[in-house]
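Under my numbering, the first residue of the sequence shown is numbered 981, with each subsequent residue one higher. Accompanying notes for the structure given below.
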Amino acid sequence: MYLALLVIFLQCSGLYTQERVFTFNSVEIKVQPSVKVKNGAPLSIVCHADISKSTDFQLKHNFTVFKDGNIVFMTVSDKGDARYEIPMSRSSDTGDYECTVEADGKTKSSNSLHVWVTGMTKPILTAEKKEVLEGEVVKLRCELPEEVPPLYFFFRKMKMNSIPKEKHVFEPYRNFSVVEFSVEEGDNILQFDCFGRRNVKLEFESTEHSNKTLVTVREPFIKPTLSAKPSTNITEGDRIQFECSTVVARMRDIEIILQKNKTILNSVRDEKHLKYSAVATLEDSGEYLCKVEQGRASKTTKLNVVVSELFPKPILTASMSKLDENKELTLTCSISGFRKANFSILRKNSNGDVWLKNSRNLTMRVNVNDTGSFICKAEVKGIVKESNPVRITVYAPVSKPTLSVVNGLPEVVLGKTLRLICRSMTGTPPITFTFYKGNEVRRIVTNETYATFLDENIRQNDKRGYKCDARNNHSSGVKTSSILNITVIVPVKNASLGSIPYGEVEDGSETAFLCSVNEGSWPIHFRIFRKTDHEVLLFENSEYADRVTWRKEAMSRQDTGTYYCMASNRANVHVRSHPITISVILAGWQKGIIAGLVLITVAGAVTFALWWFFCKKKKAKGPSMEMSGSALAANLTSEKLTRQHNDGDYYSGSSYIEDGENHMKSTDESKGPDLESAEVEYTEVEVSTLDPHRAPVQKGTETVYSEIRKANNDSVENRHSRIQGHPDAT
């Protein structure tokens, strides 16, 4: 029974769970009446959730409305719609709206929808003061209380018969802005207003202009008056006096300035009057300005003054502007149409003019130090005027010029450029230099005290004589240098090296080396080298010839090697010959001594071998022939093996072994199979004992001696043949 109830309960629970199933089909956001409304109009944001359910059951919905990512509205409802009401929309309500619905753990959001509230509220403008002085500032505040930053603010300053001045400020974080306008000279009644602007979707939207604010301006002082006495039209030499004055409300920080062409002539502080006087000159003609300043306020008055000329500027004339030294020069100072003046003549100098004479005329005998500029001055009624300068040049005659090569030596390398310099030690510049090659004019140069000349690509058959002329404005005329003869240096070419004898040289003999060149100017510097692991300088000398000989008196084996020579001259061109190889070989007498030593060595070896053999033979004649035979065989066999290893240059041990074996076999054929099968070793020699039925011992001894003699003869021949085949043999 309980089991049945449990089954029924589980089935009912499953049915209940199936009845609570739902899903979001979509979530939409709408704006009423439109996505674009005017400022102040009502606005509704509607969020709608489209949901499908398994059955009709109640479901709680959590609605959230976002504007530009920020929450602006939240509500809970069992219906599928929610409404966010804005009774009076403002431009700050412009933005991107989105809604999100959450129900029973499930959430879904709508698409974003842009809402634009057109139009902005009217800004409010306030001024800190309603009345200001010239030079002060007007502080203004413009506010958009219902707008949200970032905002742009524009301020305007307006006065009668002038273009408004405008300032604009960007405010990223507040809905108001403050600016200051300076009050300038001439400002009287000022009007100010402002307006705002914002950026919506890359479009600008502006407010209407604010209320106009009036500001009254008072003068801190009146415009100054400027006068000139006795008048504004006066003559040079008259005294002129300027006076500038004003009326001020307060004396503190008042300043009066008089200036002409931006040059301040006089100034006073905390006074109402300024005076300035001077003796008038032509340079005093022009516009004068009186300026009054107090704080930021300033006012100016201008006055034009004309000064008439009392007398014209004097004129200085010279009898000659270019003349020789020790000649007379006359300077005259005059004023056109005016003679009553005090005259003086001076010479210009960087450290100050040098006075020469108080007179209209000056006559002097000049020298080169008098070259320079001269002026005269004229004075009438305290007015001093200066003439234009006159340039006087006094010439000293040029000295005889000297012509030389720039590098100092009168020579040039063939094909190179010759650089000449012509110089006059004395003479007033400018000096004109003329260069000649032979009798041909090559160049004319005007310079101070010297000139240079380049003759390019010198050839061997060129004319070698050069000269130059020098002259200036002195009446003495032209001076000519001495003729300069130039040596053309021909570079060396094609060096070669030879030797006598050539190739092979006997040790101790003399060898002559000859180094020569095809062409080149003398002297020529010759050097001979031997090349081993490094270059060794053997000979060095300078010759007034195209060849040089060097003799090596006694050559040695160490002199074997490669030789070459190098040649150069003053052209600094170094040429190198092809190398030659010298081999130092043995002399004839050296070869004879070596051959004699070899023959003596061979004869001594043969003599020693014979002596040794006869000594052994004498010992073999003892009482026991068997023991003597065994000892003789053992000694012979030992000597044979020893000479095989140590004296291989004299005889061949193998031929001796072969002959001994045949002799033993012929003597001992009756000894049985054991002896016949034995190898040819020491044992075979030892068993060859003397037999009384066979040949006497003398026969065996003679056989051994003949083999030794034969071996010695072969060794001598082999040694002699090797000496002849030696590389040093003749």
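The beta carbon of each residue, even a glycine, is placed where N, CA and C say it ideally should be.
- Annotation: the continuous beta strand (DSSP E) that includes Asp-1061 extends over 1061 to 1066.
- Contact check for Thr-1397 and His-1454: beta-carbon distance about 33 Å, past the 8 Å limit, so the pair fails to qualify.
- Shown here for Leu-1517: same chain residues with a beta carbon closer than 7 Å to its own, the five before and five after excluded, namely Arg-1507, Phe-1509 in chain order.
- Excluding sequence positions up to five before and after Asn-1427, its CB lies within less than 8 Å of the CB of Pro-1409, Pro-1410, Ile-1411, Phe-1413, all in the same chain and listed in chain order.
- Annotation: Val-1564 to Asn-1387 spans about 49 Å, alpha carbon to alpha carbon.
- By the C-beta density criterion, Asp-1173 is buried, having at least 16 other C-beta atoms within 10 angstroms.
- Non-local C-beta neighbours of His-1148 in its own chain, meaning closer than 6 Å and more than five positions away in sequence, comprise Phe-1134, ordered along the chain.
- By the neighbour-count criterion, in which a residue is buried when 16 or more other Cβ atoms sit within 10 angstroms of its Cβ, Arg-1219 is exposed.
- With respect to the 8 Å criterion, Ile-1504 and Asn-1549 are classified as neighbours on the basis of their beta carbons.
- In the three-state DSSP reduction, Arg-1537 falls in the helix class (H, G or I).
- Burial is judged here by how many other beta carbons sit within 10 angstroms of a residue's own beta carbon; Lys-1365 has at least 16 and is buried.
- In the three-state DSSP reduction, Ile-1325 falls in the strand class (E or B).
- By the C-beta criterion, the segment 1187 to 1194 is judged to be in contact with the segment 1104 to 1111, since at least 3 inter-stretch pairs fall below 8 Å.
- Excluding five sequence positions before and after Glu-1223, the CB atoms of its chain that fall closer than 6 Å to its own CB belong to Ser-1207, Lys-1255, given in chain order.
- Annotation: Arg-1154 to Pro-1129 spans about 6 Å, alpha carbon to alpha carbon.
- DSSP links Gln-1012 through a beta bridge to Ser-1024.
- In the three-state reduction of the DSSP assignment, Ser-1090 falls in the coil class, being assigned neither a helical nor a strand state.
- Nearest to Val-1159 by alpha-carbon distance, out of Glu-1146, Ala-1229, Ser-1071, is Glu-1146.
- With a 10 Å radius around the Cβ and a threshold of 16 neighbouring Cβ atoms, Asp-1048 comes out exposed.
- Note on geometry: alpha-carbon atoms of Cys-1270 and Lys-1328 lie some 38 Å from one another.
- Counting along the chain, no beta strand (DSSP E) covers Thr-1397, and no H or E run does either.
- Here His-1514 is exposed. Its C-beta has fewer than 16 other C-beta atoms within 10 Å.
- For Lys-1119, the uninterrupted beta strand (DSSP E) run begins and ends at 1117 to 1123, by DSSP.
- If you ignore the 5 residues before and after Asn-1306, its C-beta comes within less than 8 Å of the C-beta of Arg-1345, Val-1346, Asn-1347, all in its own chain and listed in chain order.
- Per DSSP, Arg-1000 lies in no beta strand (DSSP E) and is assigned neither H nor E.
- Looking from the CA of Val-1118, the closest CA among Lys-1137, Ser-1024, Asn-1474, Asp-1250 belongs to Lys-1137.
- Ranked by how close their Cα comes to the Cα of Trp-1096, the residues Pro-1204, Lys-1059, Asn-1179 have Asn-1179 in first place.
- Excluding residues up to 5 positions away in sequence, Asp-1173, Phe-1175 lie with their Cβ nearer than 6 Å to the Cβ of His-1189 in the same chain.
- When the beta-carbon positions are compared, Ser-1247 and Glu-1235 come within less than 8 Å of each other.
- Shown here for Tyr-1132: same chain residues with a beta carbon closer than 6 Å to its own, the five before and five after excluded, namely Phe-1150, Arg-1177 in chain order.
- By the 16-neighbour rule on beta-carbons within 10 angstroms, Pro-1144 is exposed.
- Secondary structure of Ala-1589 (DSSP, three-state): helix.
- Counting only the Cα atoms, Lys-1532 lies some 5 Å from Thr-1491.
- When the five nearest sequence neighbours on each side are left out, the beta carbons in the same chain lying within less than 8 Å of the beta carbon of Ala-1534 are those of Gly-1488, Ser-1489, Glu-1490, in order along the chain.
- When Ser-1462, Val-1378, Leu-1477, Gln-1440 are compared, the shortest CA-CA separation from Tyr-1430 is found for Val-1378.
- Note that the C-beta distance between Arg-1340 and Thr-1312 is below 8 Å.
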